[in-house]
Amino acid sequence: MTKIKTICCIGAGYVGGPTMAVIAQKCPDINVSVVDLNEARIKAWNDDDLSKLPVFEPGLDKIVEEARGRNLFFSTDVDKAIDQADMIFISVNTPTKTYGKGKGMAADLKYIELCARQIAKVAKEDKIVVEKSTLPVRTASAIKNILDHTGNGVKFQILSNPEFLAEGTAVQDLLKPDRVLIGGDSSEEGKNAIQALKGIYANWVPTEKILTTNVWSSELSKLTANAFLAQRVSSINAMSVICEKTGADVSEVAKAIGLDSRIGSKFLKSSVGFGGSCFQKDILNLVYIAKSYGLNEVADYWKQVVVMNNYQKNRFSNNIVSTLYNTVSGKKITFFGWAFKKDTNDTRESAAIQVADNLLNEQANIEVYDPKVVEESIYADLDYLNTRTEEENRSLLTVKTDPYEAARDSHAIAVLTEWDEFKTYDWQKIYNHMLKPAFVFDGRDVLDINEMEKIGFVCYSIGKGSSK
Ligand code: UDX
Ligand code: UDX
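Take the position in the sequence shown, starting the count at 1, then add 336; the result is the number in the working numbering.
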C-alpha cells in the first residue's frame with residue numbers, strides 16, 4: 337500500500353481549510369500544504385492573530401495553532417505543492433453556472449478543469465487526485481481524461497471523497513464523522529489508492545465508518561444526501577404555512593413527528609428558508625442531471641424543493657410589508673443575523689439576502705447586525721444581485737456592530753439567523769428604543785413569543801403566526 341507522506345489541497349475555503357487542518361492535526365507525520373490563488377485568503381490563514389482566520393468555525397483556531405508551521409502550511413505556490421504531493425485534494429468551488437448551457441442549474445466546473453490541467457502540467461511522478469468538491473456524477477472521468485491526455489505520461493488515480501461537514505460544526509463533524517465515503521476504481525491501482533486514503537482517515541476514524549464504493553456512487557451520494565436534507569427543510573416549511581392558517585404550531589408538529597424513529601428529529605426546524613453553499617446548488621445540479629437524461633418528472637420533483645424555499649423567503653418579507661400597514665418605504669427595519677445559519681461567517685445563499693432585496697425594493701431602510709459577518713460581505717451579497725447600484729445599496733442599508741444601536745428608532749426587527757446571543761439580549765431595552773408599535777418577525781424561532789408580547793412587541797414567528 338502506498339503510504340502518503342505529503343498532501344496538497346487546492347482551495348483554502350470553508351471545506352479545504354478545516355478538513356486539512358484536522359488531517360494535519362491527526363496525522364503529524366504527513367506534510368499538508370493548502371494552496372489557493374487568493375493571496376488575501378492565504379495571508380489570513382497565516383495570520384498570527386487567530387481571530388483573523390478567513391473561516392470562522394468553533395474550535396478551528398486551536399487546531400490551526402497546534403499544526404500550523406509544524407506540518408500544516410498555507411501558500412499560494414500551487415505548482416510547488418502539486419509537485420511535492422503524493423496525494424492532491426481538489427477543494428475549489430463549483431458554483432451554479434451563470435452563463436451558457438445549463439445556466440442557473442448546472443455546476444460550473446471551470447475551476448475543477450483548471451486544477452486538473454495544472455496538475456497534469458506540473459506532475460512528474462504518479463499521483464492520487466481526490467475530488468473533495470461536490471461534483472456532478474461522472475466528473476471524475478472528465479478529470480481523468482484531462483490528466484491522461486495532457487500529462488507528462490505519469491499515472492493518476494482519481495478518488496471521490498465528498499465532504500459531509502456542515503458549517504458551524506465543521507470541526508466536530510470532521511473529528512467524529514457519521515461516515516467517511518471514498519469512491520474509487522475497482523482496478524488494482526484503484527484499490528491501492530482507496531487504501532492509501534483510508535489509511536489517512538484511519539488515524540482517527542473507526543474503520544467500520546469508512547465506506548468504500550465505486551466513484552459514481554460516491555459522487556451521487558453527496559448530491560443525494562444534500563437533496564434529502566434540503567427536502568426535509570422544505571417539507572417542514574411547507575407545513576409551516578398550513579400551521580399558521582390553522583392555529584397549529586410547527587414546533588409542536590415537528591416534535592410530534594420527529595419522535596417517530598422512522599422519521600427522526602433532525603432537520604425539522606422550520607425557518608425563513610435554507611441557505612448555504614450546498615443545498616440549492618446541489619439540488620439544481622441534480623435537476624440538471626435528471627433533465628439531461630430526459631427524466632423530466634424526476635427533475636420537477638427535486639426542483640420543487642428549491643421553489644418551496646424561495647416561496648418561504650418571499651413569504652417572510654411579504655408578511656413584513658403587509659403587517660407594517662402595506663408600506664415599508666422610508667421605514668427602518670433591523671436585521672438580526674445575516675449568516676445562513678449560526679456559528680459561521682458564511683453568507684452564501686443566506687435567506688437574509690433575498691429578504692433584504694425584497695424589502696429594499698419596497699424602499700425600506702435596513703440596519704444589519706450579525707456577530708460574525710463583516711460589512712464587506714453583506715454589501716458584496718447585495719451588489720452581486722445587481723438589483724440596485726452599489727451606491728443605492730450603501731445608502732439604503734447600513735451595517736452596525738452593536739445590536740442595540742441597530743435597533744434604535746426601528747419599526748421592526750427581523751431575526752434571520754439563529755445566533756444564541758439573540759436570546760440573551762435585554763429585549764426591554766431594545767423595545768424602549770424602538771418606534772411603536774414595535775414589531776418582531778422571528779424567522780428562526782429563537783425568541784420566546786410570550787415573553788416578547790409581555791414586553792409589548794407585536795410578534796410573528798414562522799409556523800406559529802402572529803399575535804393579535
Ligand atoms: C467547497 C466545495 O468546493 C463545493 O463544491 C462544496 O459543495 C462546498 O465546499 P468551499 O470550500 O465552501 O467549497 O468554497 P470556497 O470557500 O469558495 O473555497 C474555494 C477556494 O478555492 C477559494 O478560496 C478559491 O480562491 C480557491 N480556488 C478556486 C483556487 O485556489 N483555484 C481555483 O482555480 C478556484
Ligand atoms: C450542508 C450539509 O448538511 C453538509 O453535510 C454538506 O456537506 C454541506 O451542506 P451546511 O450547508 O453547512 O451543510 O449547513 P446545514 O446545517 O446543512 O444547513 C443548511 C441550511 O438549512 C441552513 O440555512 C440551515 O439554517 C437550514 N436548516 C437546517 C433549517 O432551516 N432547518 C433545519 O432543521 C436544518
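From the three backbone atoms N, C-alpha and C, an ideal C-beta is built for every residue, glycine too.
Keep in mind it's a predicted model, so treat the numbers as computed, not measured.
Given residue i as reference, the closest of the options once Cα atoms are compared
i    : options                : result
D509 : K765, T355, L732       : T355
G405 : W381, L721, D422, V751 : W381
R453 : N481, K772, K534, S469 : N481
D385 : V400, A584, N374       : V400
V691 : G487, D778, N488, E393 : D778
Q420 : Y447, A506, T434, V368 : V368
D706 : P773, A742, N722, N729 : A742
V507 : E393, I702, D444       : E393
K649 : T753, K558, T582       : T753
F492 : E499, K512, S469, I530 : I530
E703 : W638, C795, K667, D415 : K667
K790 : G799, S797, Q764, S802 : Q764
A774 : W674, T659, K677       : T659
V761 : M788, V351, R474, N697 : One point to set straight first is that residue 761 is Tyr, not Val, in the sequence displayed. Checked all of M788, V351, R474, N697; the closest Cα to Y761 is M788.
I619 : C451, A590, F564, D781 : F564
F615 : V642, V634, R515       : V642
N694 : K708, K677, T663, G673 : T663
V370 : A360, C344, R377       : C344
D372 : F409, T338, H769       : F409
K581 : Y796, K591, V351, A360 : Y796
S570 : T548, Q640, S523, T543 : Q640
S523 : V551, Y740, T543, G799 : V551
Q567 : K627, F603, N621, Y647 : F603
N645 : R515, D717, Y350, M575 : M575
E588 : K605, G349, G792       : K605
Y715 : T548, A348, T430, A688 : A688
D413 : K591, D365, L396, A348 : A348
S387 : I749, V709, K800       : V709
E823 : D415, T683, N701       : The first residue shown for the chain is 337 and the last is 804, placing residue 823 beyond what the model contains.
One or two residues paired with residue i in a DSSP bridge
i    : result
E703 : T670, T734
E754 : In DSSP, E754 forms no bridge with anything.
E580 : Looking at the DSSP assignment, E580 forms no beta bridge with any residue, so it has no partner.
F425 : C345, V466
S658 : Its beta-bridge partners do not exist; DSSP assigns none.
N367 : T342
V516 : I546
K801 : In the sequence on display, residue 801 carries Gly and not Lys. DSSP lists S797 as partners of G801.
S597 : DSSP lists no partner for S597.
V776 : I749, C795
F409 : S369
Helix, strand or coil at residue i according to DSSP, with G and I counted as helix
i    : result
Y447 : helix
N768 : helix
I399 : helix
G535 : helix
K463 : strand
S746 : coil
S553 : helix
D781 : coil
T327 : There is simply no residue 327 to check, as the chain begins at 337 and stops at 804 in what is shown.
I359 : helix
R377 : helix
V794 : strand
R568 : helix
R404 : strand
N528 : helix
I494 : strand
G436 : coil
L389 : coil
G808 : In this structure the chain extends from 337 to 804, so residue 808 is not present and cannot be described.
V709 : coil
D383 : coil
L559 : helix
Nearest-angstrom Cβ-Cβ length linking residue i and residue j, presumed shorter than 8 Å
i    : j    : result
L783 : V751 : 7 Å
E467 : N497 : 7 Å
L495 : I464 : 6 Å
M423 : I479 : Their Cβ separation, rounded to whole angstroms, is 14 Å, which puts M423 and I479 out of contact at 8 Å.
N539 : K398 : Wrong, their Cβ atoms sit about 18 Å apart, outside the cutoff.
S469 : G519 : Contact doesn't hold; Cβ gap of about 14 Å is too wide.
S841 : E685 : No information on residue 841 is available, as it lies outside the stretch 337 to 804 that the chain covers here.
K433 : K439 : 5 Å
V473 : C451 : Going by Cβ atoms, the distance from V473 to C451 rounds to 19 Å, so no, they are not a contact pair.
D781 : I766 : Their Cβ separation, rounded to whole angstroms, is 18 Å, which puts D781 and I766 out of contact at 8 Å.
N697 : T723 : 7 Å
Practice task
Closer than 5 Å is what we want: which residues have a beta carbon that near any heavy atom of ligand 2? List them in chain order.
Solution key: Listed along the chain, these residues meet the criterion: F500, A502, E503, V569, F603, K605, S607, F610, G611, G612, C614, F676, K677.
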